[in-house]
Amino acid sequence: MGNSDMRIGEFVLAHRTTKDTVRFYVQEGLMHPRRLGRNFCYVQKDGEDFEQIKSLQDMGFSISAIKEIYDRHERQCGTAEQWKANLALVRREIAAIEEQEAVLRRRKLLLGNLQEQLQELLGAGEEGV
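Dropping the structure here:
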């Protein structure tokens with residue numbers, strides 16, 4: 001192992017994550033650490049891949065969508081096809097968010113109406129006392 005090589009324990013500390021998370025990403029083919037016997041050896045590129053995966057997850061992309069992005073990157077890196085496909089994926093995510101926002105607005109309206117009804121009942125009940 002070189003100076004910048006890390007075993008999983010060091011890697012999870014450096015990236016504030018868990019061994020299970022790292023193992024899952026490796027199992028899903030999102031990270032490709034070098035194997036040393038029974039263990040994996042993590043280098044700077046693995047850390048960069050990990051941070052990119054987390055960034056995509058923070059944007060709301062699922063593991064399957066991230067795999068799709070990575071696969072396309074491997075096959076079509078820097079091409080118009082890659083950018084068009086990624087744009088379509090981003091548009092789908094935005095549409096899903098807009099649907100969720102509509103559901104939340106409706107829930108907020110219904111809960112607001114219920115809150116007003118309960119406040120009116122409490123006000124009417126206090127007058128009768």
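For the sequence shown, counting from 1, position 120 maps to 120 in the UniProt record's numbering; every step adds exactly one. For glycine and all other residues, C-beta sits at the position ideal for the given N, C-alpha and C.
Taking residue i as the reference, give the member of the options with the closest Cα.
i   : options             : result
G47 : I66, R16, K67, S62  : R16
F24 : S64, I97, E120, E74 : S64
Q52 : A102, V22, E99, F40 : V22
F61 : F40, Q76, G37, R91  : R91
D20 : G29, A14, I8        : I8
On the CB-based measure, 16 or more other CB atoms within 10 Å of its CB, does residue i come out buried or exposed?
i           : result
G128        : Because G128 carries a pLDDT of 49, less than 50, the predicted location of this residue cannot be relied on, and no value is offered for it.
residue 135 : Residue 135 lies beyond the range of the chain shown here (1 to 129); nothing can be said about it.
I66         : buried
V12         : buried
I69         : buried
In terms of DSSP beta bridges, what is residue i paired with?
i   : result
R35 : F40
M6  : Y42
Between residue i and chain B, is there a C-beta pair that is closer than 7 angstroms?
i   : result
G78 : The chain labelled as chain B is not found in the depicted structure, where only one protein chain is given.
Do residue j and residue i have their beta-carbon atoms positioned less than 7 angstroms apart in this structure?
i   : j   : result
M31 : D58 : no
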